[in-house]
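To start, the structure itself, in structure tokens.
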Amino acid sequence: MKRNLMMVGVVVATAFASQAAMADAGLDLAKAKNCMACHAVASKVVGPAYKDVAAKYAGQKDAEGKLVTKVMKGGSGVWGAIPMPANPQINEAEAHTLVKWVLSQK
Ligand code: HEC
242 MKRNLMMVGV
252 VVATAFASQA
262 AMADAGLDLA
272 KAKNCMACHA
282 VASKVVGPAY
292 KDVAAKYAGQ
302 KDAEGKLVTK
312 VMKGGSGVWG
322 AIPMPANPQI
332 NEAEAHTLVK
342 WVLSQK
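Just so we're aligned: the sequence shown equals residues 242 to 347 in our numbering.
This is the structure:
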């Protein structure tokens with residue numbers, strides 16, 4: 242019994258650790274690529290809060306592809322009149338990593 246509980250503890254701790262590591266990698270990349278100059282996870286800055294973006298596209302299968310293009314090329318009209326400029330500092334793989342991370346915010 243005691244042994245089983247310990248196993249559960251280890252599994253839970255490992256799951257938490259790997260989730261935290263993933264979240265940090267996304268946030269670190271977003272910071273390094275200047276996304277956080279206009280965005281925050283939980284509040285609107287110049288652009289929408291990432292958790293609002295995640296909520297808007299929840300359950301939409303094509304959201305990742307659409308948002309990758311938008312992040313790379315820029316655009317406006319979805320959240321307001323202010324455009325997001327193109328982000329030529331990121332490549333497509335980085336755009337996928339960033340968009341996946343944005344869509345995982347709650
Ligand atoms: C100069 C400010 C600025 C920077 C830098 C910026 N954004 Fe944005 N972002 C915006 C604005 C403004 C919008 C809202 C555009 C709209 O209404 O269509 C937006 C929208 C978005 C959206 C939602 C798009 C949609 O169509 O719903 C995502 C995802 C996003 N940004 C991710 C990023 C990522 C990732 C980076 C870094 C590579 C980044 N942004 C850098 C200003 C910025």
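A virtual CB, placed ideally from N, CA and C, is assigned to each residue, including glycine.
All of these numbers come straight from a predicted model, not from anything done at the bench.
Can you round the beta-carbon distance between Gln330 and Lys274 to whole angstroms, since I take them to be within the 8 Å contact cut? Reading the sequence shown from its first residue, position 89 is the one you call residue 330. Reading the sequence shown from its first residue, position 33 is the one you call residue 274. In this structure Gln330 is in contact with Lys274, their Cβ atoms being roughly 6 Å apart against a cut-off of 8 Å.
Using the DSSP secondary-structure output, state which residues sit across from Met277 in a beta bridge. Stepping through the sequence shown from its first residue, residue 277 is reached at position 36. Partner(s): none; Met277 has no beta bridge.
Would the C-beta of His280 count as close to ligand 1, meaning under 8 Å from any of its heavy atoms? Working through the sequence shown from its first residue, we reach residue 280 at position 39. Yes, Cβ of His280 sits closer than 8 Å to a heavy atom of ligand 1.
Where Gly316 sits in the DSSP three-state scheme: Position 75 of the sequence shown, counted from the start, is the residue given in the question as residue 316. Strand.
Could you tell me if the beta carbon of Leu308 falls within a distance shorter than 8 Å of some heavy atom in ligand 1? As a position in the sequence shown, residue 308 is number 67, starting the count at 1. Yes - ligand 1 has a heavy atom lying nearer than 8 Å to the Cβ of Leu308.
Any non-hydrogen atom of ligand 1 within 8 Å of Gly300 CB: Within the sequence shown, numbered from 1, the residue matching residue 300 stands at position 59. No, ligand 1 has no heavy atom inside 8 Å of this Cβ.
Between Ala336 and ligand 1, is the CB less than 8 Å from at least one heavy atom? Here residue 336 refers to the residue found at position 95 when the sequence shown is read from its first residue. Result yes, Cβ under 8 Å from ligand 1.
Compute the Euclidean distance between the alpha carbons of Glu335 and Val309, then round it to the nearest angstrom. Residue mapping note: residue 335 aligns to position 94 of the sequence shown, counting from 1. Residue mapping note: residue 309 aligns to position 68 of the sequence shown, counting from 1. Each residue's Cα considered, the two are about 9 Å apart.
How many Å lie between Asp304 and His337 at the Cα? Counting from one through the sequence shown, the residue named residue 304 turns up at place 63. Counting from one through the sequence shown, the residue named residue 337 turns up at place 96. The displayed chain sequence assigns Ala, not Asp, to residue 304. Cα to Cα, the separation comes out at about 11 Å.
For Gln330, verify whether its CB is less than 8 Å away from any heavy atom of ligand 1. Residue numbering aside, residue 330 sits at position 89 when the sequence shown is read from its first letter. Within 8 Å of the C-beta of Gln330 there is at least one heavy atom belonging to ligand 1.
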